[in-house]
Amino acid sequence: MKTLYFDCANGISGNMTIGALLEVCDGEQYLRTELDKLGVRGYDLKVVKRDSYGINGTYVEVLKTGTNTPVDALPDEMMGMRPHDRSQVHHDHDHEHPHIHEHEERYEHHRHSHDHEHHHDHIHDHGHHHEHEHRTYGDIRLIIEQSGITDGAKQLANSMFHKVAAAEATVHGRPIDEVHFHEVGALDSIVDIISVAILMDYIQPNHVISSVVSDGHGTIRCAHGVLSVPVPATSAIYKSEQVRFKQIDIPTELVTPTGAAIISTFAEQYGLMPEMNISEIGVGVGSREIGGPNTLRVILGEVMEAGGAAHNNDITVINSNIDDSTGEELGYVMEKLMRAGALDVSYAPIFMKKNRPAYRLEVICRTGDRSGLSEIIFEETTTIGIRYYPVQREELVRSKVAVNTELGPIEAKKVCTAGGCEYTYPEYESMREKAAELGVSMKSVRAAFEKGLGKLGK
Numbered sequence: 001m002k003t004l005y006f007d008c009a010n011g012i013s014g015n016m017t018i019g020a021l022l023e024v025c026d027g028e029q030y031l032r033t034e035l036d037k038l039g040v041r042g043y044d045l046k047v048v049k050r051d052s053y054g055i056n057g058t059y060v061e062v063l064k065t066g067t068n069t070p071v072d073a074l075p076d077e078m079m080g081m082r083p084h085d086r087s088q089v090h091h092d093h094d095h096e097h098p099h100i101h102e103h104e105e106r107y108e109h110h111r112h113s114h115d116h117e118h119h120h121d122h123i124h125d126h127g128h129h130h131e132h133e134h135r136t137y138g139d140i141r142l143i144i145e146q147s148g149i150t151d152g153a154k155q156l157a158n159s160m161f162h163k164v165a166a167a168e169a170t171v172h173g174r175p176i177d178e179v180h181f182h183e184v185g186a187l188d189s190i191v192d193i194i195s196v197a198i199l200m201d202y203i204q205p206n207h208v209i210s211s212v213v214s215d216g217h218g219t220i221r222c223a224h225g226v227l228s229v230p231v232p233a234t235s236a237i238y239k240s241e242q243v244r245f246k247q248i249d250i251p252t253e254l255v256t257p258t259g260a261a262i263i264s265t266f267a268e269q270y271g272l273m274p275e276m277n278i279s280e281i282g283v284g285v286g287s288r289e290i291g292g293p294n295t296l297r298v299i300l301g302e303v304m305e306a307g308g309a310a311h312n313n314d315i316t317v318i319n320s321n322i323d324d325s326t327g328e329e330l331g332y333v334m335e336k337l338m339r340a341g342a343l344d345v346s347y348a349p350i351f352m353k354k355n356r357p358a359y360r361l362e363v364i365c366r367t368g369d370r371s372g373l374s375e376i377i378f379e380e381t382t383t384i385g386i387r388y389y390p391v392q393r394e395e396l397v398r399s400k401v402a403v404n405t406e407l408g409p410i411e412a413k414k415v416c417t418a419g420g421c422e423y424t425y426p427e428y429e430s431m432r433e434k435a436a437e438l439g440v441s442m443k444s445v446r447a448a449f450e451k452g453l454g455k456l457g458k
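With full-length UniProt numbering, the residue at position 251 of the sequence shown is 251, and numbering never jumps.
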C-alpha cells in the first residue's frame with residue numbers, strides 16, 4: 001500500500017510542504033502546468049535548492065512578478081475573477097470584518113549564514129502585480145471552481161480552505177462567509193494550498209500518517225499585534241480536527257494555520273513511521289531561523305500487508321467497571337480521554353455484585369498512551385482499579401477524501417476491501433459542522449452528500 005509519512009518534528013507550513021512533495025514526486029513541471037489552469041496572474045513561482053544547517057532540500061516561494069519580493073494580494077482582474085463574480089459570492093455588511101493573520105514562515109527572512117542556494121531560481125511568470133485587497137471565502141471557492149485543475153485537487157483545496165476559514169470564524173466569532181481573508185486571501189497562500197492539493201492528487205497515496213506535530217512557544221507579531229504560539233487560528237484547527245501536537249523548546253511559531261490545515265486534511269493517524277519499504281524522501285525548507293534545520297521531511301513507501309488490511313498492529317485495551325460515578329462525570333471523562341489521544345472510548349451497561357447496575361468503561365489506545373490515559377481514569381472516576389491487555393487490530397485500507405456537494409465540500413473516508421470494493425462514508429463532524437453553518441438538518445446534508453457522491457460515480 002502506497003503510504004506517505006509526514007515527519008513534522010520541526011513543524012509544517014504551506015511552502016515547506018510543497019517543497020517536500022516536489023522532491024517526492026519530481027512534479028515541478030506538472031505543478032506549473034496545473035497552476036496555469038487557475039487563471040491567476042501576477043506572481044512568479046520560485047523553486048530552488050537550499051541548505052538549512054547542513055540539510056539540503058527544496059525551498060518554494062511565491063513572488064511578485066519580476067521582483068524578489070513575496071506577494072501579498074492581487075485585485076479581482078488578476079485573480080481570474082470577472083467583476084460580476086464578486087456579487088455572486090458575498091454581500092456587503094455594515095460592520096467590520098475580521099481578517100486572517102499574515103505570518104507565514106516565508107515572511108521571516110532572518111536566515112542563518114549556513115544557508116546556501118545551489119542553483120539559479122526557477123521562475124514562472126504570471127503577469128503584473130497590483131495593489132493589495134482582501135478576499136472572502138466565497139471568492140476563494142469561486143477561483144477554485146472556475147479553474148481547470150482536476151476534480152480531486154479541487155476537493156482537497158476546498159477542504160483545506162474550509163478548515164482555515166472555519167478556524168478564523170471561530171476565533172473572531174463571526175459566520176464563516178463574513179470572514180475576509182488576509183492570510184488565505186493573499187495570493188501566496190492561495191498558491192500554497194492549491195499547490196499542495198495538486199501534488200497530493202498527483203501522488204495519490206493510499207494512506208497518510210504523520211508524526212506528532214511539533215510547534216514552538218512564545219509569541220509572534222502579526223496583523224493583530226503580538227499573539228501567543230500556537231496562534232488562535234492554529235489552536236482552533238488543533239482542537240476541531242484533533243491534531244496531535246506538542247510544544248518544543250523553540251521560541252517561535254513552527255506551525256502556521258495553513259500548515260495545520262494541510263496536516264489535518266491528510267493525516268489519518270499520528271505516531272511512528274510504520275514498517276515500510278521507502279521509495280522516495282522529500283525535504284521542504286522554510287526560511288525561519290530556529291537554531292537548527294527548518295525543514296519538513298515527507299517519506300513515500302510501500303507498507304506490505306495481507307488482503308485489504310491497512311494495518312495489523314498492536315494496541316492496548318483498558319477497561320474498568322464503575323458503579324458510583326454520575327452520568328455527567330462519565331460523559332466528561334469520555335471527552336477528556338478522546339482529547340488525550342484515545343482511539344475509542346465506550347460504555348456498556350452491566351450488573352455487578354449485589355445486583356448493582358454499573359457501566360464498563362473500555363478505552364482503545366496506542367500502547368504508548370496507556371499510562372497517561374490510565375491516570376485520567378483514576379483522577380476523573382471513582383474506580384480504584386483498571387485492567388489492560390494488548391490486542392491485535394486489523395483495519396481496511398482507508399483514505400480521507402472531500403466530496404463536493406451543492407452545500408460545499410464534505411469530508412469523508414473511503415475504504416477498500418481485499419476484493420477491491422470501495423465504499424465512501426461521510427464524516428460525522430463534517431456533516432454536523434455543515435448543518436450548523438447553513439442552518440439545515442443533518443438529513444439534508446446527508447442527502448446532498450449522497451447526491452455529490454453519485455456525480456463522482458462512487
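Think of the CB as a built atom: it goes at the ideal place given N, C-alpha and C, for glycine as much as any other residue.
According to DSSP, is residue i helix, strand or coil?
i	result
Tyr59	strand
Arg370	helix
Tyr238	helix
Ile193	helix
Gln392	strand
His162	helix
Cys222	strand
Asn321	strand
Gln204	coil
Leu4	strand
Leu45	strand
Asp177	helix
Glu427	coil
Val243	coil
Glu108	Bear in mind that a pLDDT of 38 at Glu108, under 50, signals an unreliable position, so the number given afterwards is only what the model happens to contain. Of the three classes helix, strand and coil, the one that applies to Glu108 here is coil, per DSSP.
Asn277	strand
Ser228	strand
Arg135	strand
residue 493	As shown, the chain starts at 1 and ends at 458. That puts residue 493 outside it, with no answer to give.
Arg297	strand
Glu437	helix
Cutting at 7 Å between CB atoms, please list the residues of its own chain near residue i, excluding the five before and the five after it.
i	result
Pro251	Gly216, His217, Gly218
Ser52	Asp115, Val285, Pro293, Asn294, Thr295
Met338	Val345
Ala310	Legend: pLDDT at Ala310 = 47, less than 50; position of this residue unreliable, value from coordinates given subsequently. Answer for Ala310: Met1, His207, Glu395, Leu396, Val397, Arg398, listed in chain order.
Rounded C-beta distance between residue i and residue j? I'm assuming under 8 Å.
i	j	result
Ile315	Ile364	6 Å
Met3	Gly372	The identity of residue 3 in the sequence shown is Thr, whereas the question assumes Met. In fact, because the Cβ distance is near 27 Å, the residues do not count as touching under 8 Å.
Val285	Pro232	That belief does not hold up - the Cβ atoms of Val285 and Pro232 are roughly 27 Å apart, past 8 Å.
Tyr332	Ala348	18 Å between Cβ atoms; not a contact.
Ser320	Gly259	So it is not a contact: roughly 38 Å between Cβ atoms.
Glu437	Ile176	6 Å
Val229	Glu253	5 Å
Cys8	Val213	4 Å
Ile237	Pro205	Incorrect: roughly 21 Å between the Cβ atoms, too far for contact.
Leu38	Ser211	Contact flag wrong, Cβ pair sits at about 31 Å.
Ser240	Ala340	Not a contact, Cβ separation roughly 17 Å.
Please determine, among the options, the residue with the shortest C-alpha to C-alpha distance to residue i.
i	options	result
Met431	Thr383, Asn56, Val403, Ala418	Val403
Ala153	Ala197, Glu145, Lys353	Ala197
Gln242	Thr417, Tyr423, Phe266	Phe266
Phe161	Val391, Ile149, Asp139	Asp139
Thr424	Val401, Leu38, Gly27, Asp324	Val401
Met276	Ile209, Glu28, Pro357, Glu375	Ile209
Gly47	Lys37, Lys163, Leu38, Leu21	Note on identity: in this sequence residue 47 is Val, with Gly being the wrong assignment. Answer by Cα proximity: Leu21.
Glu61	Lys37, Thr17, Gln29, Tyr238	Thr17
Leu156	Asp192, Asp188, Leu337, Leu187	Asp192
Met1	Ile203, Asp188, Leu330	Ile203
Arg41	Gly19, Leu187, Gly420, Ile263	Leu187
Glu145	Ile194, Ser189, Ser235	Ile194
Glu280	Val255, Asn15, Gly27, Arg135	Gly27
Beta-carbon separation of residue i and residue j under 7 Å?
i	j	result
Ala448	Leu407	yes
Arg393	Val415	no
Tyr388	Arg370	yes
Val303	Gly282	no
Glu223	Val164	Position check: residue 223 holds Ala in this sequence, whereas Glu was assumed. Not a contact, by the Cβ cut-off of 7 Å.
Arg288	Asp323	no
Leu63	Asp44	yes
Lys434	Ile376	no
Ser325	Thr382	yes
Who are the near neighbours of residue i in its chain, counting only those whose CB is closer than 6 Å to its CB and skipping five residues on each side?
i	result
Pro426	Ile410, Ala412, Phe449
Ser346	Glu362
Glu34	Ile149, Ile198
Gly368	none
Met273	Tyr5
Are the C-beta of residue i and some C-beta of chain E separated by less than 7 Å?
i	result
Val231	The structure shown contains no chain E; it is built from a single protein chain.
Quick one: what's got a C-beta closer than 8 Å to residue i's C-beta in the same chain, skipping five residues either side?
i	result
Lys451	Thr405, Glu406
Met352	Asn321, Asp323, Ala358
Ser374	Ile318, Ile386, Tyr388
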